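Line order of the protein sequences matches chains A and B.
First residue of the first sequence: 5, per my numbering; consecutive thereafter.
First residue of the second sequence: 6, per my numbering; consecutive thereafter.
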Amino acid sequence: MTFYLALSVLLFCVGLAGVLARRHAIMALIGIELMLNAANINFIAFWRHSSAADDLSGMFWMIFSVAIAAAEAAVGLALVILVFRHRRSVRLDELESLKG
Amino acid sequence: MVARAVLPEICTAFLALLVLTVDLAWLTTWSESARKTLLCVVCTLALGIAWILLDRNWEPVAIPTLGWMASPGVTCLKGLIAALTLGSLWLSRESSFTKHVGEYFALTLLAAVGAMILCSTQHLILAFTGLELLSLSLYVLTAFHKDRALSAEAGLKYFLFGGVSAATMLYGFSLLHGATGELLLPKVAMKLAAGPVEPIAVMGVLFASAGFAFKISAAPFHLWTPDAYQGATPGSAAFIASVSKLASFALLAQVTWVGWNPAGVAGNASLGSAKPGWIAFFAFAATASIVIGNLAALAQSGFRRFIAYSGVAHAGYMLVGLIANTQDAAYSVLYYAVTYAIGSLGLIAMSAILENRRGSDAISGFAGWMRESRFLAVCLMVFLLSQAGIPPLAGFFAKFYVFSAALKSHGAPHGVFWLVAASLVASCVALYYYLRIVRAAFEARDLAEAGQAPGMPALWITRAWIGACALLLVWWGCFPDKLLSLLRGS
């Protein structure tokens with residue numbers, strides 16, 4: 005149990021660091037996916053180690069969040085392509101026409 | 006009975022599919038404005054008929070296994086959401102930005118479905134799904150103006166901030182679920198109140214709070230707000246400013262009051278007896294929002310960014326009410342959110358007219374506004390003064406209810422007095438920048454003297470929506486009990 009929690013915390017931190025530090029939109033997208041998967045590991049770990057084994061709520065959570073993560077990746081990639089069409093680049097530090 | 010509890014959501018979702026089909030099947034050869042007009046009329050008729058058919062004289066319906074609550078008060082909230090959605094759809098006619106009219110309407114309606122789910126649900130999975138339905142539609146709507154680089158950039162920034170916060174919220178929910186093993190908010194509260202609270206539950210609540218702070222655009226998670234407001238088309242910006250904020254606050258009030266009530270995760274923000282928990286977190290977020298929002302709003306020259314930053318400050322005031330953590334406080338926050346949503350719909354509509362007339366949304370463009378249209382100038386004054394909290398407008402009672410609820414809370418004689426005092430000082434600062442715009446609009450100067458050319462007149466339907474919003478703010482300001490009893494469902 006402790007192992008799974010440590011893994012998910014590590015994954016979450018790696019994802020967050022990826023979003024904050026990487027200057028590339030695709031990398032940031034991957035970071036977000038890592039964070040979502042960290043939560044999924046939690047759901048499964050808690051479900052596996054809970055005393056009530058017939059309670060499937062952890063599984064349901066995981067299935068819902070995987071589906072949502074897929075939708076989020078689709079929307080994110082579409083937005084990245086849209087920005088690429090305008091600027092021929094998806095580096096986040098170059099996105100600074102909105103300021104103030 | 007059960008079907009009635011989800012009727013608003015079902016009607017809106019079907020309407021979204023209908024609009025998409027009609028547009029793709031028959032309207033592709035029409036001009037953009039004709040398509041928008043026809044679809045607006047269809048949506049207004051359909052939602053209006055659904056509202057009339059929905060008999061509201063019924064007992065509250067609950068589906069306990071799904072944590073679904075449909076009381077008359079909640080249904081009124083959904084009606085307001087539907088009305089604000091229609092307002093932002095009609096507002097999309099002010100500018101021409103897309104060939105994909107059906108998709109635009111369908112996405113807006115689906116986002117409205119997400120917002121309605123948030124008002125009813127006490128189930129964590131449903132709440133997260135509803136939030137994502139709302140957010141994912143909004144990312145696309147923000148970037149919908151495909152020919153404008155600004156719009157795409159705003160959409161991507163909104164998405165990246167939103168994605169991180171959604172993941173953070175999900176992580177928080179996973180910890181909370183692990184600590185309690187429950188999905189329904191009342192049961193979560195029972196488990197949390199039963200035994201000593203594990204640190205993992207407090208962590209979960211704090212992570213989820215950070216995700217919520219993004220949705221309601223509270224500082225320091227507000228960075229997307231000005232960009233999204235500026236880059237989006239007027240219709241989408243109005244939807245983000247009104248519906249999205251109202252629904253997020255409805256869910257947050259539900260979650261904090263029903264699910265996170267036990268003292269172990271709530272914490273305390275009173276000076277001297279501070280304890281970690283969501284109250285302490287939101288007290289920090291409220292202070293940051295009030296300071297950052299007001300100071301940044303002072304410095305803005307663009308009207309949209311100004312609305313965004315003043316919205317950050319308003320999120321701070323609403324959080325002050327929320328951390329009072331009483332039933333009355335939850336309703337006062339809802340009252341505030343409703344009046345704020347109506348006011349911001351009006352302000353964004355004003356910004357659309359401003360852009361059409363002057364070519365940019367610079368605040369200086371309001372010079373000579375009074376000479377051009379007395380009606381719009383008076384409505385602008387109503388919106389700004391209501392946001393500033395001047396009696397007898399609705400915004401005054403919103404602030405009054407929220408602050409008095411905060412003072413009565415926490416058992417201590419003065420509750421979170423320090424936070425209320427800071428909010429009151431900040432409101433005085435805010436008065437300055439609101440009145441600055443009113444003065445610019447009302448100064449008796451000729452257009453030529455102000456260096457402005459007379460621009461396009463606004464569409465009559467936009468003026469009608471603006472008038473309706475202003476009337477509601479005056480009406481609910483004169484009779485604040487009316488809105489409060491609607492929300493309480495009594």
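Note that CB positions come from ideal geometry on N, CA and C, so glycine has one too.
None of the values given here were measured: they were computed from a predicted structure.
Item checked: CB of Ala431 (chain B) within 8 Å of CB of Ala318 (chain B), strictly -> Note that the C-beta distance between Ala431 (chain B) and Ala318 (chain B) is below 8 Å.
Check: Applying a beta-carbon distance threshold of less than 7 Å, which residues of chain B neighbour Ser69 (chain A)?
Finding: Residues of chain B with a Cβ closer than 7 Å to the Cβ of Ser69 (chain A) are, in chain order, Leu175.
Item checked: When B:Ile57, B:Trp95, B:Ala111 and B:Lys162 are compared against Ala29 (chain A), the one with the closest alpha-carbon -> Just measuring C-alpha positions, the residue of B:Ile57, B:Trp95, B:Ala111 and B:Lys162 sitting nearest Ala29 (chain A) is B:Lys162.
Margin query: Given a cut-off of 8 Å on the beta-carbon distance, is the pair Ala75 (chain A) and Leu129 (chain B) in contact?
Written below: Cβ distance not < 8 Å, so Ala75 (chain A) and Leu129 (chain B) don't count as in contact.
Next item on the list: Taking only beta-carbon positions, decide if Ile130 (chain B) is within less than 8 Å of chain A.
Entry: At least one CB atom of chain A sits nearer than 8 Å to the CB of Ile130 (chain B).
Checklist line | Integer Cβ distance of Ser241 (chain B) from Leu146 (chain B), believed to fall under 8 Å | finding: Ser241 (chain B) to Leu146 (chain B), Cβ: 4 Å. Contact.
Note to self: Please list, in chain order, the chain A residues whose beta carbon lies closer than 7 Å to that of Val27 (chain B).
What the structure shows: Below the 7 Å Cβ cutoff, chain A contributes no neighbours of Val27 (chain B), its closest Cβ being approximately 24 Å away.
Item checked: Extent of the continuous alpha helix (DSSP H) to which Met74 (chain B) belongs -> Looking at the DSSP string, Met74 (chain B) is not in any alpha helix (DSSP H); the run it does join, the beta strand (DSSP E), is Trp73 to Ala75.
Note to self: Can you check whether the C-beta of Glu137 (chain B) is within less than 8 Å of a C-beta belonging to chain A?
What the structure shows: Chain A, which has a Cβ nearer than 8 Å to the Cβ of Glu137 (chain B), makes this yes.
Next item on the list: Could you check which residue in B:Ala116, B:Met74 and B:Ala67 has the C-alpha nearest to that of Leu89 (chain B)?
Entry: Closest option to Leu89 (chain B), Cα to Cα, is B:Ala116.
Next item on the list: Please classify Lys104 (chain B): does DSSP put it in a helix, a strand, or coil?
Entry: DSSP places Lys104 (chain B) in the coil class of the three-state scheme, outside both helix and strand.
Check: Rounded to whole angstroms, how far is the Cβ of Thr185 (chain B) from the Cβ of Ala213 (chain B), which I believe are closer than 8 Å?
Finding: Rounded, the Cβ-Cβ distance is 13 Å, inconsistent with contact.
Next item on the list: Tell me, to the nearest whole angstrom, how far the beta carbon of Phe149 (chain B) is from that of Leu44 (chain B); I am working on the premise that it is less than 8 Å.
Entry: Incorrect: roughly 15 Å between the Cβ atoms, too far for contact.
Check: Since Ile68 (chain B) sits in a beta bridge, which residues does DSSP pair it with?
Finding: For Ile68 (chain B), which the question treats as bridged, DSSP gives the partners B:Trp73.
Margin query: Taking 7 Å as the cut-off, is the C-beta of Tyr341 (chain B) nearer than that to any heavy atom in the ligand FMN?
Written below: Absent from the structure shown: the ligand FMN. Ligands present: none.
Next item on the list: Along the alpha helix (DSSP H) that carries Ser490 (chain B), what are the first and last residues, could you check?
Entry: Note, Ser490 (chain B): alpha helix (DSSP H), Pro485 to Arg493.
Next item on the list: Verify the CB distance criterion: does Ser179 (chain B) have a CB-CB separation below 8 Å to chain A?
Entry: Chain A contact via Cβ: present.
Check: Applying a beta-carbon distance threshold of less than 8 Å, which residues of chain B neighbour His28 (chain A)?
Finding: Residues of chain B whose Cβ lies closer than 8 Å to the Cβ of His28 (chain A) do not exist, since the nearest Cβ in that chain is about 11 Å away.
Notebook entry, point to check: Three-state secondary structure (DSSP) at Thr34 (chain B)?
Noted result: In the structure shown, the three-state DSSP call for Thr34 (chain B) is coil.
Next item on the list: Could you check what DSSP says for Asn273 (chain B) in three-state terms: helix, strand or coil?
Entry: Looking at Asn273 (chain B) - three-state DSSP - the assignment turns out to be strand.
Margin query: Counting only Cβ pairs nearer than 8 Å, list the residues of chain A close to Lys151 (chain B).
Written below: Under the 8 Å cutoff, chain A gives Leu86.
Next item on the list: Please confirm if Glu14 (chain B) has its CB atom under 8 Å from at least one CB of chain A.
Entry: At least 8 Å separates the CB of Glu14 (chain B) from every CB of chain A.
Check: What residues of chain A sit near Thr134 (chain B), judged by a beta carbon separation below 8 Å?
Finding: Ordered by position in chain A, the residues that pass the 8 Å Cβ test against Thr134 (chain B) are Phe68 and Ile72.
Notebook entry, point to check: In this structure, does DSSP put Leu81 (chain A) in helix, strand or coil?
Noted result: In the structure shown, the three-state DSSP call for Leu81 (chain A) is helix.
Check: What does Asp59 (chain A) reach in chain B if we use C-beta pairs closer than 8 Å?
Finding: Near Asp59 (chain A) (Cβ distances below 8 Å), the residues of chain B are Gly186.
Notebook entry, point to check: How big is the Cα-Cα spacing for Ala435 (chain B) and Asn299 (chain B)?
Noted result: Between the C-alpha atoms of Ala435 (chain B) and Asn299 (chain B) there is a straight-line separation of about 6 Å.
Notebook entry, point to check: Closest by CA to Ala411 (chain B), which one among B:Leu424, B:Ala399 and B:Phe401?
Noted result: Of the residues B:Leu424, B:Ala399 and B:Phe401, the one whose Cα lies closest to the Cα of Ala411 (chain B) is B:Leu424.
Next item on the list: Grab me the residues of Ser179 (chain B)'s own chain with a C-beta within less than 8 Å of its C-beta, minus the 5 sequence neighbours each way, in chain order.
Entry: The answer, listed in chain order, is Gly209.
Notebook entry, point to check: Does any CB atom of chain B fall closer than 8 Å to the CB of Met31 (chain A)?
Noted result: It does not: the Cβ of Met31 (chain A) has no partner Cβ on chain B nearer than 8 Å.
Notebook entry, point to check: chain B beta carbons: is any one of them nearer than 8 Å to that of Ala43 (chain A)?
Noted result: By this cut-off, Ala43 (chain A) is an interface position.
Margin query: Taking 8 Å as the threshold (C-beta atoms), are Ala271 (chain B) and Trp265 (chain B) in contact?
Written below: The answer is yes: Cβ separation under 8 Å.
Check: With 8 Å set as the bound, which would you pick, yes or no: does the beta-carbon of Met39 (chain A) sit closer than that to a beta-carbon of chain B?
Finding: For Met39 (chain A), a Cβ of chain B is located within less than 8 Å of the residue's own Cβ.
Checklist line | Of the residues B:Ala171, B:Ser36 and B:Leu211, the one placed nearest Ser101 (chain B), counting alpha carbons only | finding: Checked all of B:Ala171, B:Ser36 and B:Leu211; the closest Cα to Ser101 (chain B) is B:Ser36.
Check: For chain A, is any of its Cβ atoms less than 8 Å away from the one on Val145 (chain B)?
Finding: Closer than 8 Å: yes.
Notebook entry, point to check: In angstroms, rounded to a whole number, what distance separates the CA positions of Tyr8 (chain A) and Ile295 (chain B)?
Noted result: Taking the straight line joining both Cα atoms gives about 40 Å.
Note to self: Going by DSSP, what residue range makes up the alpha helix (DSSP H) through Glu158 (chain B)?
What the structure shows: Counting along the chain, the alpha helix (DSSP H) containing Glu158 (chain B) begins and ends at Ala154 to Thr185.
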